[in-house]
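S.K.: Just so you know, we're using the working numbering here: the sequence shown kicks off at 24 and counts up by one.
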Amino acid sequence: MSYHNPFTPPRKSATFDDHTLAEIRRAAATGIYDIRGGGTKRKVPHFDDLLFLGASISRYPLEGYREKCDTSVVLGTRFAKKPIELKIPITIAGMSFGALSGNAKEALGRGATLAGTSTTTGDGGMTDEERGHSEKLVYQYLPSRYGMNPKDLRRADAIEIVVGQGAKPGGGGMLLGQKISDRVAQMRNLPMGIDQRSACRHPDWTGPDDLEIKILELREITDWEKPIYVKVGGARPYYDTALAVKAGADVVVLDGMQGGTAATQDVFIENVGMPTLACIRPAVQALQDLGMHRKVQLIISGGIRSGADVAKALALGADVVSIGTAALVAIGDNDPKWEEEYQKLGTTAGAYDDWHEGKDPAGITTQDPELAARLDPVAAGRRLANYLKVMTLEAQTIARACGKNKLHNLEPEDLCALTMEAAAMAQVPLAGTSWYPGKGGF
């Protein structure tokens, strides 16, 4: 005879929680794996697990309204004839026309230009609207080669060779047929309305030696003017960074698993890659070991949300951060004002589950002309510029409090960690100690 204690509620399994049970039932009913956009939703060690040690007696703070704190940065100083000069160390990550509407891409370009920074094309090629409204535009060169042509390579201000992305290192993205409009199909040389999956590796090279050849080829096409970035997903950051540098990259872009606005399998997003926080220090160590730190610039992306995140990434050794999800939210995506329509789609504002479906009520992740027309690119661009301004001011506030007159003067010594995991990943002391896991001794 079983007995249930009436004073305690039934206990559910932590392993087989409601989401897991629902996914098992969905998989059993459909025989299809789940696809969604956005980075990992699981909780992983992140910048929230770090704190700054502001100045007091042992350090001298700067006066916020009197003393300047420089935010500028130059990318591509290693080989490029025309490096990119940015007013702020925050850029807009690659998100394709196809995944995003034309109005959304225009808004990103407008906002980045107002803020004095760059935006990035993403997979799928360069649109005239995006080029026209982006003062500084980075052209992504992906394994798919969608839209790739020498003319647009020369029209760009920099070229980013994408080897991997944070949400899916080792895997390719997906674009469902309902988002492949006539224009998207023409730009990508694809049939309209047919699901497509981007390749997971470049067709004409298999390793770092071939990457070196590809970088030289792109330099010759662009007369050595454009900085060449190499983007990798966070998996083996030390070796990937070192090999990218040895292949001749001007800039390394490192994307943690919290990044990724495009669609792929949910099982991939949640189980492949490393947290952004775990990626930075090995990449910086590789640059230092090669004598190339600050000579080859490091861009970090994946889950950047605030000026505090920016300051922490720079303190750990990055030169720049890049935002994707946050930029889409800033221009209006997943806004609760569309909650009723999100509910009709079977999701909710803030869940990001709708991005790949092409039915975004905000008009951002869609190719539906009526939905896309809901987004005013001019107003959305101003919102993005406002957001970038606030992030920059927040980062400056923190830097001044640590006695720094330049954001890039922040350093690991300015940080402490709240958890053992964060201390180990960031290699900064656990709060109240001078020790982190792996350092040895207390």
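Ideal Cβ placement from N, Cα and C applies to all residues, glycine included.
Can you grab the Cα-Cα spacing for the pair Lys462 / Leu98, in whole Å?
M.R.: For the purposes of this step, residue 462 is taken as the residue at position 439 of the sequence shown. For the purposes of this step, residue 98 is taken as the residue at position 75 of the sequence shown. Going from the Cα of Lys462 to the Cα of Leu98 covers about 33 Å.
S.K.: Using the Cα positions of Thr348 and Ile387, report the straight-line distance between them to the nearest angstrom.
M.R.: Counted from its first residue, the sequence shown places residue 348 at position 325. Counted from its first residue, the sequence shown places residue 387 at position 364. One C-alpha to the other measures close to 12 Å.
S.K.: So what does DSSP say about Lys174, is it helix, strand or coil?
M.R.: As a working note, residue 174 is residue 151 in the sequence shown. Reduced to three states, the DSSP call for Lys174 is helix.
S.K.: When the Cα of Leu441 is compared with those of Leu44, Arg59, Leu74 and Ile55, which residue comes out closest?
M.R.: Along the sequence shown, one-based indexing puts residue 441 at 418. Ranking the options by Cα distance to Leu441, first place goes to Leu74.
S.K.: Using a Cβ distance threshold of 8 Å, determine whether the region 296-315 contacts the region 324-344, with at least three qualifying pairs required.
M.R.: Yes, since at least three Cβ pairs between the region 296-315 and the region 324-344 fall closer than 8 Å, the two stretches touch.
S.K.: Can you give me the start and stop residues for the alpha helix (DSSP H) that Thr43 sits inside?
M.R.: Within the sequence shown, numbered from 1, the residue matching residue 43 stands at position 20. Taken as a continuous stretch (DSSP letters only), the alpha helix (DSSP H) holding Thr43 covers Asp41 to Thr53.
S.K.: Grouping DSSP H, G and I as helix and E and B as strand, with all else coil, what is Ile421?
M.R.: On the sequence shown, residue 421 is found 398 positions in, with the first residue counted as 1. Helix at Ile421.
S.K.: For Leu430, count the other beta carbons within 10 Å of its own beta carbon; 16 or more makes it buried, fewer makes it exposed. Which is it?
M.R.: Translated into positions along the sequence shown, residue 430 becomes position 407. By the 10 Å Cβ count, Leu430 comes out buried.
S.K.: Just to confirm, are Ala306 and Tyr261 a CB contact at a threshold of 9 Å?
M.R.: Sequence index remark: in the sequence shown, residue 306 carries index 283 (1-based). Sequence index remark: in the sequence shown, residue 261 carries index 238 (1-based). Yes, the Cβ-Cβ distance between Ala306 and Tyr261 is below 9 Å.
S.K.: With DSSP run on the structure shown, which of helix, strand or coil describes Gly455?
M.R.: Position 432 of the sequence shown, counted from the start, is the residue given in the question as residue 455. Gly455 falls in the coil class under three-state DSSP.
S.K.: Of all the options Trp228, Arg206 and Gly194, which has the alpha carbon lying nearest to the alpha carbon of Gly170?
M.R.: Position 147 of the sequence shown, counting from 1, holds the residue named residue 170. Of Trp228, Arg206 and Gly194, the residue nearest in Cα terms is Arg206.
S.K.: So Cys439 is in the beta strand (DSSP E); what residue range does that whole segment cover?
M.R.: Taking the first residue of the sequence shown as position 1, residue 439 is located at position 416. Residues Leu438 to Ala440.
S.K.: Determine whether the beta carbon atoms of Leu394 and Glu380 lie at a separation below 9 Å.
M.R.: Start at 1 with the first residue of the sequence shown, and residue 394 comes out as number 371. Start at 1 with the first residue of the sequence shown, and residue 380 comes out as number 357. Against a cut-off of 9 Å, the Cβ pair of Glu380 and Leu394 comes out as no contact.
S.K.: With a threshold of 8 Å on Cβ separation, who are the neighbours of Met448 within its own chain once the five nearest residues in sequence on each side are excluded?
M.R.: Along the sequence shown, one-based indexing puts residue 448 at 425. Once the five neighbours on either side are set aside, the close Cβ partners of Met448 are Pro68, Pro298, Leu300, Ala301 and Arg304.
S.K.: What would DSSP say about Tyr56, mapped onto helix, strand or coil?
M.R.: In the sequence shown, residue 56 corresponds to position 33, counting from 1. DSSP places Tyr56 in coil when its eight states are reduced to three.
S.K.: Taking the Cβ atom as the reference point for each residue, do Ser95 and Glu108 lie within a distance shorter than 9 Å?
M.R.: Mapped onto the sequence shown, residue 95 falls at position 72. Mapped onto the sequence shown, residue 108 falls at position 85. It is a contact, given that the beta carbons lie within the stated cut-off.
S.K.: Who are the Cβ neighbours of Arg133 in its own chain at under 7 Å, not counting the five residues just before and after it?
M.R.: Numbered from 1 along the sequence shown, position 110 holds the residue referred to as residue 133. Cβ within range, chain order: His156, Pro400, Val401 and Gly404.
S.K.: What are the boundary residues of the beta strand (DSSP E) that includes Glu183?
M.R.: Start at 1 with the first residue of the sequence shown, and residue 183 comes out as number 160. Looking at the DSSP string, the run of the beta strand (DSSP E) that includes Glu183 is Ala181 to Val185.
S.K.: Identify whether Val333 lies in helix, strand or coil by the three-state DSSP scheme.
M.R.: Within the sequence shown, residue 333 is the residue found at index 310, counting from 1. Val333: helix per DSSP, three-state reduction.
S.K.: Could you pull out every residue in the same chain whose Cβ sits closer than 8 Å to the Cβ of Thr389, ignoring the five residues on either side in sequence?
M.R.: For the purposes of this step, residue 389 is taken as residue 366 along the sequence shown, with counting starting at 1. Taken in chain order, the residues that qualify are Ser124, Lys202, Gly381, Lys382, Asp383 and Ala395.
S.K.: Taking 9 Å as the cut-off, decide whether the C-beta atoms of Gln419 and Gly330 are in contact.
M.R.: Residue numbering aside, residue 419 sits at position 396 when the sequence shown is read from its first letter. Residue numbering aside, residue 330 sits at position 307 when the sequence shown is read from its first letter. Yes, these two residues count as a Cβ contact at 9 Å.
S.K.: Take the Cβ of Arg224 as the centre, count every other Cβ of all protein chains shown within 10 Å, and call the residue buried at 16 or more, exposed below.
M.R.: Taking the first residue of the sequence shown as 1, we reach residue 224 at position 201. Exposed.
S.K.: State the Cα-Cα distance for the pair Val275 and Val161, rounded to the nearest angstrom.
M.R.: To locate residue 275, count along the sequence shown from 1; it is residue 252. To locate residue 161, count along the sequence shown from 1; it is residue 138. So the alpha carbons of these two residues sit roughly 13 Å apart.
S.K.: So, at 6 Å on beta carbons, what are the nonlocal neighbours of Asp93 in its own chain, with the 5 sequence-adjacent residues on each side left out?
M.R.: As a first step, residue 93 is located in the sequence shown; it is residue number 70 there, counting from the start. Excluding positions up to five away in sequence, the list reads Lys429.
S.K.: Who are the near neighbours of Glu434 in its chain, counting only those whose CB is closer than 7 Å to its CB and skipping five residues on each side?
M.R.: Taking the first residue of the sequence shown as position 1, residue 434 is located at position 411. Same-chain partners within the cutoff: Ala338.
S.K.: Could you tell me which residues DSSP pairs with Ser345 in its beta bridges?
M.R.: The residue given as residue 345 occupies position 322 in the sequence shown. According to DSSP, Ser345 bridges with Thr114 and Ser324.
S.K.: For Phe120, which three-state DSSP category applies?
M.R.: For the purposes of this step, residue 120 is identified with residue 97 of the sequence shown, where counting begins at 1. It is a strand residue.
S.K.: For Thr370, is the classification buried or exposed, using 16 other Cβ atoms within 10 angstroms of its Cβ as the cut-off for buried?
M.R.: On the sequence shown, position 347 is the one that residue 370 refers to. Thr370 should be labelled buried.
S.K.: Rounding to the nearest angstrom, what Cα-Cα distance links Gly472 and Gly196 in this structure?
M.R.: Residue 472 lies beyond the residue range present for the chain, which begins at 24 and ends at 465; the question has no answer from this structure.
S.K.: Between Thr136 and Leu198, what straight-line distance do the alpha-carbon atoms span, to the nearest angstrom?
M.R.: Counting from 1 along the sequence shown, the entry for residue 136 is found at position 113. Counting from 1 along the sequence shown, the entry for residue 198 is found at position 175. So the two alpha carbons sit approximately 28 Å from each other.
S.K.: Flag this pair as touching only if the region 281-294 and the region 244-251 have three or more C-beta atom pairs under 8 Å; answer yes or no.
M.R.: No, the region 281-294 is not in contact with the region 244-251.
S.K.: Is there contact between the region 144-154 and the region 173-180, where contact requires at least three CB pairs shorter than 8 Å?
M.R.: Contact between the region 144-154 and the region 173-180 is present, because at least three Cβ pairs lie under 8 Å.
S.K.: I'd like to know whether the C-beta atoms of Ile184 and Ile238 end up nearer to each other than 9 Å.
M.R.: One-based indexing of the sequence shown puts residue 184 at position 161. One-based indexing of the sequence shown puts residue 238 at position 215. Yes, Cβ-Cβ distance for Ile184 and Ile238 is below 9 Å.
S.K.: Should Gln320 and Asp273 be called a contact, given that it needs their Cβ atoms to be closer than 9 Å?
M.R.: On the sequence shown, residue 320 is found 297 positions in, with the first residue counted as 1. On the sequence shown, residue 273 is found 250 positions in, with the first residue counted as 1. Against a cut-off of 9 Å, the Cβ pair of Asp273 and Gln320 comes out as a contact.
S.K.: Is Gly62 near Gly326, with beta carbons less than 9 Å apart?
M.R.: Reading the sequence shown from its first residue, position 39 is the one you call residue 62. Reading the sequence shown from its first residue, position 303 is the one you call residue 326. A contact, by the Cβ cut-off of 9 Å.
S.K.: Rounding to the nearest angstrom, what Cα-Cα distance links Tyr365 and Pro392 in this structure?
M.R.: Within the sequence shown, residue 365 is the residue found at index 342, counting from 1. Within the sequence shown, residue 392 is the residue found at index 369, counting from 1. Straight-line Cα distance between these residues: approximately 18 Å.
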